[in-house]
Amino acid sequence: MFSRTALLLSCMAIAASGFSVRPSSKNTVQDAHEQLTKKIRCWEPIEENIAGNHFSGEHTLSEPIYELCSYMPDPKDFNKGYVNGVDMESDDYTNVLNFFQITHPRLATLNVCLQEAFQFRAAGRPSQTSIRCLCKRDGCNLPKGFTTFLDFNKLPMPETSF
C-alpha cells in the first residue's frame, strides 16, 4: 500500500516538475497596472488550421513580444475560442490601447470586446459578424470557452515558468 502511494506521488512530482504555476500575491488591478507597459506572451495555436485541415487544438504561450492578445469566441459555439497575439501593424489599435491607459490607481481595464461586422458578399446580402476581445496581460487570451475566458481574466494572471 505504502509503495503504491509513494510511486503515485513520485510520478505526479516528475510530471509537474516541467511546468509550475505560482499564484500571485497581487490583486487584479495591481497586476493589470504592472503589465501595462510590458511586452506580453499570448496563447497561440501550435499549428495553423490551413484550408480546413485538422487542427490538434493544442496551444502554447508565445515569447513576450506582443502588446495585445486576441480572443475570438466561435460565433456558432461560445464554448470554443480562437486565440493569437496581435500584430500591431494589422490595424490601428490606438483607440483600443487608450482604454488600457486609465491611470486611476483603483481601476484597470481587463478586456476590450468589440462586436464587428464584415461585408464579404455583394451589397444587400447579410453581413458576417463576430466578437473579438483584446487584452493586455501575460497569457490573458486563455484558449477556452467565452465565459471561462472572462472568468479567468477576473483574477491576476498566474506567474508561470517552464
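Those letters in the sequence shown? Residues -18 to -1, 1 to 144, per mature numbering (1 follows the signal peptide of the UniProt record, and there is no 0), in order.
Idealized CB from N, CA, C, for every residue including glycine.
Checklist entry - Do we get a CB-CB distance below 8 Å when we pair residue 49 with the residues of chain B? => result Absent here is chain B; the protein component of the structure consists of one chain.
Item to check | C-beta contact flag for residue 145 and residue 123 at 8 Å | outcome: Outside the shown range of the chain, which is -18 to 144, sits residue 145, and nothing can be said about it.
Checklist entry - Which residues in the same chain as residue 145 place their Cβ atom closer than 6 Å to its Cβ, once the five residues preceding and following it in sequence are excluded? => result Beyond the ends of the chain as shown, which are -18 and 144, falls residue 145; an answer cannot be given.
Checklist entry - Between which two residues does the beta strand (DSSP E) carrying residue 11 extend? => result Run containing residue 11: none in the beta strand (DSSP E); it sits in the alpha helix (DSSP H), 10 to 17.
Item to check | Coil, strand or helix - residue 72 by DSSP | outcome: helix
Next on the checklist: Does residue 97 pass the burial test, meaning 16 or more other C-beta atoms within 10 Å, or should it be called exposed?
Outcome noted: exposed
Item to check | Helix, strand or coil at residue 100 according to DSSP, with G and I counted as helix | outcome: strand
Checklist entry - For residue 84, which residues of its own chain have a beta-carbon under 8 Å away from its beta-carbon, when the five flanking residues on both sides are left out? => result 90, 91
Checklist entry - Beta carbon of residue 127, beta carbon of residue 61: below 8 Å? => result yes
Item to check | CA nearest to the CA of residue 70, picked from 81, 63, 29, 48 | outcome: 48
Item to check | Beta-ladder partner(s) of residue 110, from DSSP | outcome: 100
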